[in-house]
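To keep things clear, I will list the structure first and then write my remarks on it.
Numbering (our numbering), first residue to last: 65 to 415.
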């Protein structure tokens, strides 16, 4: 197979602040795999998990290594490609983009959608949530109003873990909730920004206000405290940074109610499917999430939407100049397109 890549640096329409800091742009790699006259596309990108972060320089170095080690492998053998990349120590985001590209390639070669190729059953997908980052109460409420100019979203994720403490989180919530349409479902994501005592306090406070669940209340590395938090929490607890791939699910089964699955984190669509199966085997809920993905990456995960309890694939709406066309919004649901592979094209492509 022939692998090529192109880096994209896209500004965010609204900078996103979480407990670990703020970001104003996304740096992504558009990966293309070509073989037998067919080209498949995938996406890799920078991301952070607690104290670990994959920078664009590492992505570029790993993609260059991947070009060399995959050159003689057939594009149809995804398992062999993944094994080689893991042996070479290639990061999970690079592996994710290559895995997506190989699935896209095979679907196009065989003239079938990625969903059919992967045996994904046709089920309704939950509506996607949209995210409001940490900010002043007034600015956060303004972000809600800006989202509502895009579409009538009815599922909302509020980032918490403010440097100002839980008092600042509560003040932001009380103002933001007034801007969110009545009847919406609201969740909170602390990105590991609370202490155990703060998480216990906020679980009760948020439950009293009808919040659906809390995502990643404690930092990665503090998983030992999750069972006691869950035991006393009146609302569901989901893990994000604390669960990278399927190997970490069994240890979390008694500690949290569900996991957030992201392509860059787990290594691709095939690993995401394994995570979903493992989570279900352990009686856990499933969320499909994103980093700063374009529609290229979010369309791939939207194809799995019918397997999830929660979908959080909103990042592409916050990017200026996203070059891709793919999944479309219908009544709050991100619908994967028809066509072979993942069905993604660019805006300058003639349909």
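Even glycine gets a Cβ: it sits at the ideal position worked out from N, Cα and C. Every value quoted in this text rests on a predicted model; they were computed, and no experiment measured them.
(request) Inspect the CB distances between the segment 298-312 and the segment 348-361 and report whether three or more fall short of 8 Å. (result) yes
(message) Tell me which residues share the same chain as residue 369 and place their Cβ nearer than 6 Å to its Cβ, disregarding the 5 neighbours each side in the sequence.
(response) The residue you call residue 369 lines up with position 305 of the chain shown. Only 189 and 375 meet the Cβ criterion.
(request) Verify whether the separation of the beta carbon atoms of residue 107 and residue 164 is less than 8 Å. (result) If you number the chain shown from 1, residue 107 lands on position 43. If you number the chain shown from 1, residue 164 lands on position 100. Closer than 8 Å, so yes.
(message) Taking 8 Å as the threshold (C-beta atoms), are residue 204 and residue 236 in contact?
(response) On the chain shown, position 172 is the one that residue 236 refers to. On the chain shown, position 140 is the one that residue 204 refers to. Cβ distance < 8 Å, so residue 236 and residue 204 count as in contact.
(message) Tell me which residue opens and which closes the alpha helix (DSSP H) that residue 328 is part of.
(response) Within the chain shown, residue 328 is the residue found at index 264, counting from 1. Segment 327-330, the alpha helix (DSSP H) holding residue 328.
(request) Have a look at the DSSP bridge pairing and note the partners of residue 208. (result) In the chain shown, residue 208 corresponds to position 144, counting from 1. DSSP output for residue 208 lists no bridge partner at all.
(message) Let me see if you follow: with CB-CB separation under 8 Å, is residue 224 close to chain C or not?
(response) The chain labelled as chain C is not found in the depicted structure, where only one protein chain is given.
(message) Whole angstroms are fine: how far does the CA of residue 291 sit from the CA of residue 284?
(response) Indexing the chain shown from 1 puts residue 284 at position 220. Indexing the chain shown from 1 puts residue 291 at position 227. So the alpha carbons of these two residues sit roughly 14 Å apart.
(request) Would you decide whether residue 418 is buried or exposed? Buried here means 16 or more other CB atoms lie within 10 Å of its CB. (result) Here the chain has residues from 65 to 415 only, and residue 418 is not among them.
(message) Which of the three DSSP states is assigned to residue 73 in this structure?
(response) Looking up residue 73 in the chain shown gives position 9. Residue 73: strand per DSSP, three-state reduction.
(message) According to DSSP, residue 111 sits in a beta bridge with which residue or residues?
(response) Residue 111 sits at position 47 when you count from the first residue of the chain shown. In DSSP, residue 111 forms a bridge with 118.
(message) To the nearest angstrom, how far is the alpha carbon of residue 265 from that of residue 80?
(response) Position 201 of the chain shown, counted from the start, is the residue given in the question as residue 265. Position 16 of the chain shown, counted from the start, is the residue given in the question as residue 80. Cα to Cα, the separation comes out at about 25 Å.
(message) For a minimum of 3 consecutive residues, which ranges assigned as the beta strand (DSSP E) are wholly contained in the segment 330-397?
(response) 349-353, 374-376 and 392-394
(request) Please name the residue, chosen from 139, 161 and 130, that lies closest to residue 148 on a Cα-to-Cα basis. (result) In the chain shown, the residue the question calls residue 148 occupies position 84. Per the Cα distances, 130.
(message) Measuring alpha carbon to alpha carbon, tell me which residue in 393, 373 and 371 is nearest residue 381.
(response) The residue labelled residue 381 in the question sits at position 317 within the chain shown. Checking every option, the nearest Cα to that of residue 381 belongs to 393.
(request) Determine the contact status of residue 90 and residue 332, defining contact as a CB-CB distance below 8 Å. (result) Against the chain shown, residue 90 aligns to sequence position 26. Against the chain shown, residue 332 aligns to sequence position 268. Cβ atoms of residue 90 and residue 332: not closer than 8 Å.
(request) Starting from residue 238, trace the alpha helix (DSSP H) both ways and give me its first and last residue. (result) Counted from its first residue, the chain shown places residue 238 at position 174. Element bounds for residue 238: 230-243.
(request) Would you identify the three-state DSSP class for residue 256, choosing helix, strand or coil? (result) One-based indexing of the chain shown puts residue 256 at position 192. Residue state, collapsed to three classes: coil.
(message) On a Cα-Cα basis, can you pick out the residue from 230, 198, 288 and 245 that is closest to residue 320?
(response) Position 256 of the chain shown, counted from the first residue, corresponds to residue 320. Here the closest residue by C-alpha is 288.
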